[in-house]
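Contents: one structure, followed by commentary.
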Amino acid sequence: MGRRQVSYLESIKLFLRNYISHYTETNLAFIGTLCLTGFGTISGLTLEPWLQNLLRIIGVVGLVISLTYAFFDGRPFGIDISCAPTHLVGEERNPDMMAKNRGLALIQDGESVIHGRVKISRFSNNFGLVFDTADGVGSELRMTPKSEQEYDPDESRLSCSDVSEREFQFVLEVFPKWRVESGGRYHWLEIQDEDTGKVLTEYQIIDVSH
Numbered sequence: 004m005g006r007r008q009v010s011y012l013e014s015i016k017l018f019l020r021n022y023i024s025h026y027t028e029t030n031l032a033f034i035g036t037l038c039l040t041g042f043g044t045i046s047g048l049t050l051e052p053w054l055q056n057l058l059r060i061i062g063v064v065g066l067v068i069s070l071t072y073a074f075f076d077g078r079p080f081g082i083d084i085s086c087a088p089t090h091l092v093g094e095e096r097n098p099d100m101m102a103k104n105r106g107l108a109l110i111q112d113g114e115s116v117i118h119g120r121v122k123i124s125r126f127s128n129n130f131g132l133v134f135d136t137a138d139g140v141g142s143e144l145r146m147t148p149k150s151e152q153e154y155d156p157d158e159s160r161l162s163c164s165d166v167s168e169r170e171f172q173f174v175l176e177v178f179p180k181w182r183v184e185s186g187g188r189y190h191w192l193e194i195q196d197e198d199t200g201k202v203l204t205e206y207q208i209i210d211v212s213h
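Take any residue in the sequence shown, count from 1 to its spot, add 3: that is its number in our numbering.
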């Protein structure tokens with residue numbers, strides 16, 4: 004089976020979805036809209052054409068600045084990660100959609116297993132993912148990285164400097180370092196972009212072991 008390539012149209016949609024989501028979830032959208040509408044409204048209160056134009060230009064510039072700041076503040080936009088925690092049913096692990104919707108992953112029988120899928124835009128040539136956890140737990144990939152990828156288990160980092168396979172899956176194991184009595188039940192997992200430190204996805208890890 005040949006590798007599936009992410010199309011340019013998919014890449015554009017991925018960028019726009021992530022960018023718009025970041026922009027609207029911050030105060031930048033409010034500031035940009037306020038500049039545009041505020042200065043536009045004020046310009047209508049003056050009869051001087053040059054002043055009207057100046058105020059409108061200031062409003063547009065304010066919007067552009069907020070959009071530009073959002074671009075540099077929220078990078079990268081060309082990567083998408085979707086994860087599915089699992090839970091034990093008998094001796095088998097099945098996808099736990101309820102936990103996924105709540106941003107949870109459960110440690111059962113000494114481990115939590117999370118299945119993930121990564122999609123990378125055709126406008127991105129490299130990536131670096133850091134699987135960061137609370138002190139009481141550790142993480143390790145269960146799968147063999149692609150030939151073009153490098154995995155550092157000590158740093159819990161998966162990276163690639165020349166991407167050709169733009170959609171791939173991974174299996175991540177999260178395990179407690181100590182017993183519940185010593186390490187506690189509640190921990191966290193963050194999958195971060197290595198260059199910017201941006202949290203791409205995160206889960207609360209709960210150790211339900213006895």
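Ideal placement from N, C-alpha and C gives every residue a C-beta, glycine not left out.
Note that the structure is predicted; figures quoted are calculated from it, not measured.
> Between which two residues does the alpha helix (DSSP H) harbouring glutamine 172 extend?
Replying inline: Element bounds for glutamine 172: not the alpha helix (DSSP H) but the beta strand (DSSP E), 170-179.
> Going by the beta-carbon positions, is the gap between aspartate 135 and glutamine 195 smaller than 7 Å?
Replying inline: yes
>> Quick test of your reading: glutamate 193 and leucine 132, contact by CB under 8 Å. State the CB separation rounded to the nearest angstrom.
In response: Contact doesn't hold; Cβ gap of about 10 Å is too wide.
> Between methionine 146 and the rest of its own chain, which residues show a CB-CB distance below 8 Å, the 5 nearest in sequence each way excluded?
Replying inline: Gln172, Phe173 and Val174
>> By the DSSP assignment, the beta strand (DSSP E) with proline 52 in it spans what residues?
In response: Segment 52-77 is the alpha helix (DSSP H) holding proline 52; no beta strand (DSSP E) there.
> How far does the beta strand (DSSP E) with glycine 141 in it reach, from first residue to last?
Replying inline: 140-144
> Assuming serine 232 contacts valine 177 under a Cβ cut-off of 8 Å, what Cβ separation, rounded to an integer in Å, is found between them?
Replying inline: With the chain covering only 4 through 213, there is no way to say anything about residue 232.
>> Does the region 117-129 come into contact with the region 72-83, if we say contact requires no fewer than three beta-carbon pairs (one atom in each stretch) closer than 8 Å?
In response: yes
> Taking the alpha-carbon positions, what's the methionine 4 to glutamate 13 distance?
Replying inline: A caution first: methionine 4 carries a pLDDT of 44, below 50, which makes its placement in the model too unreliable to give a value.
> According to DSSP, is serine 124 helix, strand or coil?
Replying inline: coil
>> Tell me which residues share the same chain as proline 148 and place their Cβ nearer than 7 Å to its Cβ, disregarding the 5 neighbours each side in the sequence.
In response: Tyr154 and Leu161
>> Using the three-state DSSP reduction, which class does phenylalanine 134 fall into: helix, strand or coil?
In response: strand
> What three-state label does DSSP hand glycine 186 in the structure shown?
Replying inline: helix
> How long is the line joining the alpha carbons of tyrosine 206 and glycine 106, rounded to whole angstroms?
Replying inline: 5 Å
> Which word fits isoleucine 110, buried or exposed, when buried means at least 16 other C-beta atoms lie within 10 angstroms of its C-beta?
Replying inline: buried
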